[in-house]
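*Asks:* Questions regarding the structure given below will be posed in turn.
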Amino acid sequence: MNNQKFTKNLIAIEIELGFVRIPNRYKNLFPNTISKIKVYLGKTKESHRVGYNPKHQRVFGLVKIFRSRKAKPKDILEIEKLSDKKFRLTLKKLKPQEKEKSELSREEAEEIIDFSGLNTKVKGNIVEDKIKDLILLYGQGLLNVYRPSTDIEGVDLIVKKKDIFQPLFIQVKSRWKLAGQRSLLFQVNEKSFKPHHTYYLIGAYFDPKQLELHDLLVFIPTKEIKKEATQIKIKSREISYRFTVPLNLESNSRFTKYLIRKTDLVNKLLEKFDHLEEVLK
129 MNNQKFTKNL IAIEIELGFV RIPNRYKNLF PNTISKIKVY LGKTKESHRV GYNPKHQRVF
189 GLVKIFRSRK AKPKDILEIE KLSDKKFRLT LKKLKPQEKE KSELSREEAE EIIDFSGLNT
249 KVKGNIVEDK IKDLILLYGQ GLLNVYRPST DIEGVDLIVK KKDIFQPLFI QVKSRWKLAG
309 QRSLLFQVNE KSFKPHHTYY LIGAYFDPKQ LELHDLLVFI PTKEIKKEAT QIKIKSREIS
369 YRFTVPLNLE SNSRFTKYLI RKTDLVNKLL EKFDHLEEVL K
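Have a look at this one:
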């Protein structure tokens with residue numbers, strides 16, 4: 129492929145808002161400052177002045193173009209650089225059978241879906257809510273979930289089983305990007321981390337391709353984190369525990385044993401409650 133030309137599949141949010149997210153490997157074709165660029169449509173001489181923002185790697189101002197061409201998700205947009213700040217855009221419609229085969233990879237989705245407007249707290253709350261919903265839905269009335277009024281002990285969710293007054297405490301770690309494109313990297317600060325047999329960490333990846341939690345979760349006792357994670361120093365003072373979990377049940381990583389399907393989360397929690405009931409007898 130000519131290095132001045134590339135193609136990409138459009139997604140719904142791009143069409144709706146009238147922008148195109150330029151993949152990292154092609155951003156060098158575009159200006160490195162906020163600029164107005166000229167785009168020619170297909171083989172015609174029809175041109176439009178649109179904008180480009182290098183920070184977000186977006187060509188924007190394309191709403192009318194997409195609407196006039198009746199662009200649909202998964203249609204192919206070919207982008208060719210003609211000269212400095214001049215580009216040709218050619219929209220290619222896919223046949224129905226071709227659309228079924230045309231899927232965004234997770235890496236492409238991470239590049240295209242822009243979560244920059246969400247701060248860390250909001251992202252954490254989104255994932256915590258989804259974990260809470262999983263527990264309530266699959267718990268079928270056996271489990272209830274509470275949130276602490278303050279977050280000073282690293283506990284995000286408190287789970288109680290019906291008629292059992294010893295709860296389980298959960299720290300939720302959310303990840304919105306994969307480390308090395310296939311693993312979850314977690315870091316726990318020692319100051320807010322007090323391992324206990326009723327305290328567990330749930331690690332979840334929010335998949336931008338599905339706009340949903342990934343099918344696999346990390347479910348690990350906090351006591352095991354202290355035993356198995358790598359201890360590191362930050363700024364020569366603060367100590368943290370760091371560990372990486374590949375999102376692959378076939379991985380040889382020592383942390384793979386803590387990887388579960390999200391549909392099995394409630395079963396794991398019930399196992400822990402069964403153990404607590406034996407201890408409390």
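The end of the sequence shown is residue 409 by this note's numbering, with every number in the run present. Where a beta carbon is used, it is the ideal one built from N, C-alpha and C, also for glycine.
1) Which residue comes first and which comes last in the beta strand (DSSP E) that contains F177?
2) Please report the distance separating the alpha-carbon of F401 from that of G267.
3) Please go through the same chain and pick out, in chain order, the residues whose beta-carbon is closer than 6 Å to the beta-carbon of H176, but skip the five residues on each side of it.
4) Quick one: grab the DSSP three-state call for G189.
5) Between S302 and the rest of its own chain, which residues show a CB-CB distance below 7 Å, the 5 nearest in sequence each way excluded?
6) Of all the options G146, K202 and I259, which has the alpha carbon lying nearest to the alpha carbon of E340?
7) Would G282 be called buried (16 or more neighbouring beta carbons within 10 Å of its own) or exposed?
8) Whole alpha helix (DSSP H) runs in the stretch 310-370 with 4 or more residues, listed along the chain?
9) Please name the residue in K214, D279, T218 and L398 whose C-alpha comes closest to that of K290.
10) Among P323, R382 and L265, which has the Cα closest to the Cα of T391?
11) Express the C-alpha separation of I286 and Y274 in angstroms, rounding to a whole number.
12) How long is the line joining the alpha carbons of K214 and K164, rounded to whole angstroms?
*Replies:* In short, the structure shows the following:
1) Counting from one through the sequence shown, the residue named residue 177 turns up at place 49. Per the sequence presented here, residue 177 reads as Arg, with Phe not at that position. Counting along the chain, the beta strand (DSSP E) containing R177 begins and ends at S175 to N181.
2) One-based indexing of the sequence shown puts residue 401 at position 273. One-based indexing of the sequence shown puts residue 267 at position 139. Computed Cα separation, rounded: 12 Å.
3) Within the sequence shown, numbered from 1, the residue matching residue 176 stands at position 48. Excluding sequence neighbours, H176 sits near V167.
4) Within the sequence shown, residue 189 is the residue found at index 61, counting from 1. It is coil, neither helix nor strand.
5) For the purposes of this step, residue 302 is taken as residue 174 along the sequence shown, with counting starting at 1. Result list for S302: K251, G252, V255, A332 and F334, in chain order.
6) Here residue 340 refers to the residue found at position 212 when the sequence shown is read from its first residue. Here the closest residue by C-alpha is I259.
7) Translated into the one-based positions of the sequence shown, residue 282 becomes position 154. When all chains shown are included, G282 counts as buried.
8) 350-356
9) Taking the first residue of the sequence shown as 1, we reach residue 290 at position 162. Closest by alpha carbon: L398.
10) What you label residue 391 is simply residue 263 of the sequence shown in a count that begins at 1. The residue with the shortest Cα to Cα distance from T391 is L265.
11) Counted from its first residue, the sequence shown places residue 274 at position 146. Counted from its first residue, the sequence shown places residue 286 at position 158. The alpha-carbon atoms of Y274 and I286 are separated by roughly 5 Å.
12) In the sequence shown, residue 214 corresponds to position 86, counting from 1. In the sequence shown, residue 164 corresponds to position 36, counting from 1. Rounded to the nearest angstrom, the two C-alpha atoms are 10 Å apart.
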